[in-house]
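Q: Protein chains in written order, with our numbering: chain A, 432 to 811; chain B, 432 to 811.
I'd like to ask some things about the structure below.
2 protein chains.
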Amino acid sequence: MLESAIDIGLLSQFFSVQIHPKDMTYTQHQIVKRLGISRATLHRVLTDSPKVKTATRERVLKELDALNYVPNAIAQSLKTSKTQTLGIMGPATANASQIDKLTSIYVAARELGYSIIFAYSDGSPEADANSIRELKSRMVDGIIAFDRGLHANTQLYKSIIDNGKPLVTLYPTPGVETDCIYVDTRNAFKRVTKHLIDLGHKDIGLLITASKSNYIVNRELGFRDAMQKAKLPVNDNWIIYASPDGMNTINSDEEEAVAWKISDYQYGFWGASLLLAKRTRPTALVCFTDEAAIGALRAAQVAEVSIPDELAIVGYNDKEDAKFARVPLTTMHQPDELIGKKVLQTLVRRINGELTDSPVVEALSAKLIVRESCGAATTN
Amino acid sequence: MLESAIDIGLLSQFFSVQIHPKDMTYTQHQIVKRLGISRATLHRVLTDSPKVKTATRERVLKELDALNYVPNAIAQSLKTSKTQTLGIMGPATANASQIDKLTSIYVAARELGYSIIFAYSDGSPEADANSIRELKSRMVDGIIAFDRGLHANTQLYKSIIDNGKPLVTLYPTPGVETDCIYVDTRNAFKRVTKHLIDLGHKDIGLLITASKSNYIVNRELGFRDAMQKAKLPVNDNWIIYASPDGMNTINSDEEEAVAWKISDYQYGFWGASLLLAKRTRPTALVCFTDEAAIGALRAAQVAEVSIPDELAIVGYNDKEDAKFARVPLTTMHQPDELIGKKVLQTLVRRINGELTDSPVVEALSAKLIVRESCGAATTN
DNA sequence: ATGAAAGCGCTAACAC
DNA sequence: GTGTTAGCGCTTTCAT
């Protein structure tokens, strides 16, 4: 008795009992001393091993509960070389759809017993390198690349793979052979454009940004897919590549970084104003996000252009803002809630070696949501 | 030479050199063997200690760089009992203002060399307890409570403090003596209400939710402060406590949890519809967020009530959506970008023992942004 | 200016 | 069914 008291520190025990006995952090060593058993037995109880006498087990469990024992994950990690931790690297973002994706990752991680370290980066090469260093240093079991599909990321991702860490991306990245769970935005934009075509529109414009990212480029590709399939000409005059300086080009990684700091609303407003000022206008406009569409709605309001009568508008994302826009938006709904589940399932199986060598690449589909802005619905 | 090769594993060295020499993870032990120096000397170089011969230092630094050495933070943590890791506990959220706060915390943490573990919780007592367990287990150096000021959190926060972990909250929590950095929403709502009063409004309504959280309650208090100061009567008929079931009450923690799943837009739409249907209406309406105000804008549009002429509307948050609303919103701008800096500064100083015993409690002020929805501006 | 050695809390192989 | 022990990668006295 005296021995054990000395062992865990006479003074600290005194205080801990006196002040908040429930909230002291005990080590296995201390618990073992108290119970007069060995580390191994304790470990067996902790891991539900059958090789423990029931009486012993119960005595141990009771003590564990009384002491509110929480294992030290750091020590576990050091010993096992597994941290039960996943790293997310990417830019922070205020886009509601991105947030929902992120949340679904958090939820899924929690369910599978993984903690998440969010390695924030502003997208600059130095910040990205720092993020990787951070995650490597903390021995994360796997990494989720939460980005917008910039080509500049290729090298970065390769270095992660070379380091032997499982990596899941949310965009297929050319030249990077790794697991990828993504929403097929190209197909989504093809379908939302087709919806406009089916409604009888022939003169259709596209409002995107000048970014070279997959996030943007895929949307243009999908739009062109639909136009081509319908044998409709694409009027380049009606494709607006919005950019911060209004010059409609982005030529460097630095300019990309700056471009992402501007809101989709703003791009939508600028872009639509530009389009509406032209001598001839399309009868329909595909916007790269709902937020851009809301910006366009505002521009139309200022220009006194009636939506959808004079210009049909569609967006992409389908978060709450689309529903409550001045003209409720026709848009595509992404399965954001599903992504986290899929990503974690893939990543964890990869970590556990349950997957073959070839990368898992899974495309998820978006769903058309018809509201008033396209002119098809007249509810309300 | 042979010895060192054997020591770090003949096979693994072979492969690592062959496949990706740059990306192997080396331990201090391995590096020490290669260089023929001691752990201590390596450590001195790593920590910039002056007690190393310049020649030795350079030789070591060169090797470190060549091998791309990244220290194992897990081992460091175990040894020093400091993880350079901070935990954030709270619900995930799609509110743009919350996201900006969170981002500013990430940025500030990165600058100070701390990693962030986001311990997601849906707000239920079990999930909260799990979050605390997770953070305790991972030995975070401090915790940031990222919540909406629910009374149910009091016990939770007390248990963190009892455990001896520094805790910073973003709401003053009654009964919890800890550091707190917050935006004074009560004062903000007093001022935005006063703005309406100054514009000549006497009949002013308030649209909030039925939540008992500080997030909501402070807003009502601020509204009442302004009305009282101006000696204006508060018409309870014009205070809308929106709730999911339309019964305008929330009576339990469970109901609170459900209530937070519904968007502010939706509450704004429901609440304003309710208000506009009444026999008598106020001439101005204070909404609990910009998103609620946008929902109210939509309800007004449906009811063909002209904003701001028949009803002035103000919100709170001032993110991009406020600017591009059908009627650009008069609102209060929170210093979200500042919060991370302040929170981290406080938390890190607390961790380092640089603060006195008494809690740091700092209130930040919001700023009035006047646009069209209040009827004061007519810019376009 | 440099090195040897103990130990952070845990797991797991091995002994009894 | 239970106990002993080595060691994960690092920091840190204490010697030399």
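Glycine is no exception: its CB is placed at the ideal position from the N, C-alpha and C atoms.
Since the structure is predicted, the reported quantities are computational estimates derived from the model, not experimental observations.
Can you give me the start and stop residues for the alpha helix (DSSP H) that B:Ala794 sits inside?
A: No alpha helix (DSSP H) holds B:Ala794; the beta strand (DSSP E) holding it covers 792-795.
Q: For A:Arg729 versus A:Phe700, is the C-beta distance shorter than 8 Å?
A: Yes.
Q: Kindly indicate which three-state DSSP category B:Lys798 falls into: helix, strand or coil?
A: Residue state, collapsed to three classes: strand.
Q: On the CB-based measure, 16 or more other CB atoms within 10 Å of its CB, does B:Pro452 come out buried or exposed?
A: Reliability of the predicted coordinates at B:Pro452 is poor, the pLDDT of 46 falling under 50, and the value obtained from them is presented with this limitation in mind. Exposed, by the Cβ-count rule.
Q: In angstroms, rounded to a whole number, what distance separates the CA positions of B:Ala727 and A:Ser642?
A: Taking the straight line from one Cα to the other gives about 35 Å.
Q: Run through the DSSP bridge pairs and tell me what A:Met763 is partnered with.
A: According to DSSP, A:Met763 bridges with A:Leu799.
Q: Nearest by alpha-carbon distance to A:Tyr613: which of A:Ser694, A:Ser683, A:Glu793, A:Thr762 is it?
A: Looking at the Cα atoms, A:Glu793 is the closest of the given residues.
Q: Can you tell me whether DSSP reads A:Ile548 as helix, strand or coil?
A: DSSP places A:Ile548 in strand when its eight states are reduced to three.
Q: Comparing alpha-carbon positions, which option in B:Phe620, B:Asp615, B:Ile592, B:Arg617 lies nearest B:Glu608?
A: Of the candidates B:Phe620, B:Asp615, B:Ile592, B:Arg617, the one whose C-alpha sits nearest the C-alpha of B:Glu608 is B:Ile592.
Q: When the cut-off is 8 Å and only beta carbons count, does A:Ile547 lie next to chain B?
A: Chain B, which has a Cβ nearer than 8 Å to the Cβ of A:Ile547, makes this yes.
Q: Report yes if the C-beta distance between A:Gly521 and A:Leu566 is below 8 Å; otherwise report no.
A: Not closer than 8 Å, so no.
Q: Using a Cβ-Cβ cutoff of less than 6 Å, which residues in the same chain neighbour B:Ile628 once the five nearest sequence positions on both sides are dropped?
A: Closer than 6 Å at the Cβ level, and outside the excluded window around B:Ile628, lie Ala661.
Q: Tell me, please, whether the CB atom of B:Pro502 is closer than 8 Å to any CB atom in chain A?
A: Yes, B:Pro502 counts as interfacial toward chain A.
Q: Hey, quick one: how far does the alpha helix (DSSP H) through A:Thr516 stretch, first residue to last?
A: Segment 516-521 is the beta strand (DSSP E) holding A:Thr516; no alpha helix (DSSP H) there.
Q: Go ahead and label B:His474 buried or exposed: buried means 16 or more other beta carbons lie within 10 angstroms of its beta carbon, across all protein chains shown.
A: Exposed is the call here.
Q: Tell me, please, whether the CB atom of A:Leu509 is closer than 8 Å to any CB atom in chain B?
A: Output row for A:Leu509: interface = yes.
Q: Measuring only between beta-carbons, confirm whether B:Tyr537 sits less than 8 Å from chain A.
A: True, the Cβ-Cβ gap to chain A drops below 8 Å.
Q: Does the CB of A:Glu434 have a neighbour CB from chain B at under 8 Å?
A: At A:Glu434, the pLDDT of 32 sits below 50, so the modelled position is not reliable; the number obtained from the coordinates is stated separately. By this cut-off, A:Glu434 is not an interface position.
Q: Can you give me the start and stop residues for the beta strand (DSSP E) that A:Leu638 sits inside?
A: 635-640 is the span of the beta strand (DSSP E), which, as asked, contains A:Leu638.
Q: Checking contacts by CB at 8 Å: is A:Glu542 closer than that to chain B?
A: With 8 Å as the cut-off, A:Glu542 does not count as an interface residue toward chain B.
Q: If you follow the beta strand (DSSP E) that A:Asp610 is part of, which residue opens it and which one closes it?
A: A:Asp610 -> beta strand (DSSP E) spans 610-614.
Q: I'd like the list of long-range same chain contacts for A:Asp634, defined as Cβ closer than 6 Å, with 5 residues on each side in sequence excluded.
A: Correct list, in chain order: Pro713, Thr714.
Q: What do you get for A:Leu492, buried or exposed, if any count of 16 or more other CB atoms within 10 angstroms of its CB means buried?
A: Exposed.
Q: Under DSSP, the alpha helix (DSSP H) around A:Tyr427 begins and ends at which residues?
A: Residue 427 of chain A is absent from the structure shown; chain A starts at 432 and stops at 811.
Q: Alpha carbon to alpha carbon, how far is A:Lys776 from A:Leu786?
A: The identity of residue 776 of chain A in the sequence shown is Gln, whereas the question assumes Lys. C-alpha separation (whole angstroms): 11 Å.
Q: Rounded to a whole number of angstroms, what is the C-alpha to C-alpha distance between A:Pro759 and B:Cys805?
A: C-alpha separation (whole angstroms): 23 Å.
Q: Does B:Ile635 come within less than 8 Å of chain A when only Cβ atoms are used?
A: False, the Cβ-Cβ gap to chain A never drops below 8 Å.
Q: Report buried or exposed for B:Asp610, applying the criterion of at least 16 other Cβ atoms within 10 angstroms of its Cβ.
A: Buried, by the Cβ-count rule.
Q: Report the CB separation of A:Tyr698 from A:Thr640 in whole angstroms; it is logged as a contact under 8 Å.
A: Correct: roughly 5 Å between the Cβ atoms.
Q: When the Cα of B:Arg465 is compared with those of B:Met455, B:Ala471, B:Glu494, B:Thr478, which residue comes out closest?
A: When each option's Cα is compared against that of B:Arg465, the closest is B:Glu494.
Q: Mind listing the chain B neighbours of A:Gln732? Cutoff is C-beta to C-beta under 9 Å, in chain order.
A: Ordered by position in chain B, the residues that pass the 9 Å Cβ test against A:Gln732 are Arg757.
Q: Would A:Val636 pass as a contact of A:Leu706 if the rule is Cβ separation under 8 Å?
A: Per the sequence shown, residue 636 of chain A should be read as Gly rather than Val. Their beta carbons are under 8 Å apart, which means A:Gly636 touches A:Leu706 by this criterion.
Q: Assuming A:Met763 contacts A:Asp749 under a Cβ cut-off of 8 Å, what Cβ separation, rounded to an integer in Å, is found between them?
A: About 7 Å separates the two Cβ atoms, so the contact holds.
Q: Give the DSSP bridge partners of A:Gly573, in chain order.
A: For A:Gly573, which the question treats as bridged, DSSP gives the partners A:Leu517.
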